[in-house]
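Shown next, in structure tokens, is the structure this report addresses.
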Amino acid sequence: NAGVMQNPRHLVRRRGQEARLRCSPMKGHSHVYWYRQLPEEGLKFMVYLQKENIIDESGMPKERFSAEFPKEGPSILRIQQVVRGDSAAYFCASSPTGYGYTFGSGTRLTVV
Amino acid sequence: AQRVTQPEKLLSVFKGAPVELKCNYSYSGSPELFWYVQYSRQRLQLLLRHISRESIKGFTADLNKGETSFHLKKPFAQEEDSAMYYCALRGDNAGGTSYGKLTFGQGTILTVHP
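Sequences listed follow chains C and B, in order. Quick note on our numbering: the first sequence kicks off at -11 and runs consecutively. Quick note on our numbering: the second sequence kicks off at 7 and runs consecutively.
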């Protein structure tokens, strides 16, 4: 089992472009969580998804951010029209039940 | 609202010295508390959780509901303990949809000098 896989590890985008971050959960895990770590801050919850459903998106910015976890394929965190303030490390975690997380290595997004 | 506070951003000790990483929380229900560790260039890993009351790599943490604290302790620090440590809280989901959601503190960077 390869663990939670996130790609890319590093992503550079110019202001105004779109960023797509991918998270492949561990085999058998149907719960996915996304967290963001801004410079000098701790991890902040963004969104919780189960297959094809968004369960809790209370931590997602109201605009430009969206997440999905389709029936087939990885979970995608999408940021449209990126701004410098979106530069952060984005971590995904998966779980078989909603408890007992396993984290991915993260994607470091840099907006230039 | 739930909140986790780690008052020390940086903590330095010498090898063999005791170490205590502080964590205080604010939550009205029955929380579950965790410590996560992130070694350099590695992913976040669960170190321990209060309900299991175990010792991992010599670390222990006791939940003190009176003081709303969950401090992480080790009697004799080792150089390989140098890492970022995060305290995290999971609420009891009473009536909510925050099933499994964790609230993290800002983290403490522990450096153990030889």
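Cβ coordinates follow ideal geometry from the N, Cα and C atoms, glycine included.
Backbone CA spacing between residue i and residue j [nearest angstrom]
| i | j | result |
| --- | --- | --- |
| C:TYR23 | C:SER54 | 13 Å |
| B:CYS29 | C:GLU6 | 37 Å |
| C:LYS50 | C:MET34 | 11 Å |
| C:HIS(-2) | C:SER93 | 11 Å |
| B:LYS63 | C:ARG52 | 42 Å |
| C:GLY(-9) | B:PRO24 | 33 Å |
| B:PRO13 | C:PRO(-4) | 33 Å |
| B:LEU54 | C:LEU9 | 29 Å |
| B:THR103 | B:GLY97 | Residue confidence is low: B:THR103 scores 48 on pLDDT, short of 50, so the model does not pin down where it sits. No coordinate-derived value is stated. |
| B:THR74 | C:ARG3 | 43 Å |
| C:ASP74 | C:ILE43 | 23 Å |
| C:GLN25 | C:THR95 | 10 Å |
| B:ILE52 | C:THR85 | Checking the sequence shown, residue 52 of chain B turns out to be Leu, not Ile. Cα to Cα, the separation comes out at about 16 Å. |
Backbone secondary structure at residue i - three-state DSSP
| i | result |
| --- | --- |
| B:SER58 | helix |
| B:GLU86 | helix |
| C:ARG1 | strand |
| B:ARG49 | coil |
| B:ARG9 | strand |
| C:ARG52 | coil |
| B:LYS79 | strand |
| C:HIS17 | coil |
| C:SER12 | strand |
| C:LEU37 | strand |
| C:GLN68 | coil |
Residue nearest to residue i in terms of C-alpha spacing, selected from the options
| i | options | result |
| --- | --- | --- |
| C:ALA77 | C:TYR89, C:LEU31, C:SER63 and C:HIS19 | C:LEU31 |
| B:PRO19 | B:LEU95, B:ALA89, B:ARG55 and B:THR109 | One detail in the question is off: residue 19 of chain B reads as Val in this sequence, not Pro. Nearest option by C-alpha distance: B:ALA89. |
| B:GLN8 | B:CYS93, B:GLU14 and B:THR117 | B:CYS93 |
| C:GLU40 | C:GLY47, C:ALA(-10), C:SER46 and C:GLY61 | C:GLY61 |
| B:LEU16 | B:THR66, B:SER32 and B:GLY113 | B:GLY113 |
| C:ALA81 | B:TYR33, B:LEU50, B:TYR31 and B:LEU27 | B:LEU50 |
| C:LEU97 | C:PHE91, C:VAL71 and C:SER83 | C:VAL71 |
| C:TYR21 | B:LEU116, B:THR109 and B:THR117 | B:THR109 |
| C:GLU28 | B:THR66, B:ASN70 and B:GLY111 | B:GLY111 |
| B:GLN48 | C:VAL100, C:MET(-7), C:GLN68 and C:GLY88 | C:MET(-7) |
| C:VAL100 | C:GLN69, C:TYR36 and C:GLU56 | C:GLN69 |
| B:PHE40 | B:ALA83, B:THR66 and B:GLU86 | B:THR66 |
Range of the contiguous beta strand (DSSP E) that encloses residue i
| i | result |
| --- | --- |
| C:ASN(-5) | -7 to -5 |
| B:PHE20 | 16 to 20 |
| C:CYS41 | The displayed chain sequence assigns Asn, not Cys, to residue 41 of chain C. First-last of the beta strand (DSSP E) with C:ASN41: 41 to 44. |
| C:LYS82 | For the record, residue 82 of chain C in the displayed sequence is Ser; it is not Lys. Unbroken beta strand (DSSP E) run through C:SER82: 76 to 83. |
| C:ARG72 | Careful: C:ARG72 lies outside any beta strand (DSSP E) and carries neither H nor E. |
| B:TYR31 | 30 to 32 |
| B:TYR42 | 38 to 44 |
| B:PHE65 | Neither: B:PHE65 is in no beta strand (DSSP E) and is coded neither H nor E. |
| B:THR109 | 108 to 110 |
| B:VAL118 | 114 to 119 |
Can you list, in chain order, the residues of the stretch 22 to 43 of chain C whose Cβ is nearer than 7 Å to any Cβ on chain B? Residues passing the 7 Å Cβ filter: GLU29, GLY30, LEU31, PHE33, TYR36 and ILE43.
Selection of the stretch 8 to 21 of chain C by Cβ proximity to chain B, strictly under 9 Å: So the list reads HIS19 and TYR21, given in the order they occur along the chain.
Give the residues from the stretch 77 to 91 of chain C that approach chain B closer than 9 Å (Cβ to any Cβ), ordered along the chain. Residues passing the 9 Å Cβ filter: PHE79, ALA81, SER83, THR85, GLY86, TYR87, GLY88, TYR89, THR90 and PHE91.
Any C-beta of chain C within less than 7 Å: which residues of the stretch 79 to 101 of chain B qualify? Of all residues in the stretch 79 to 101 of chain B, only TYR92 come within less than 7 Å of chain C when Cβ atoms are compared, listed by chain position.
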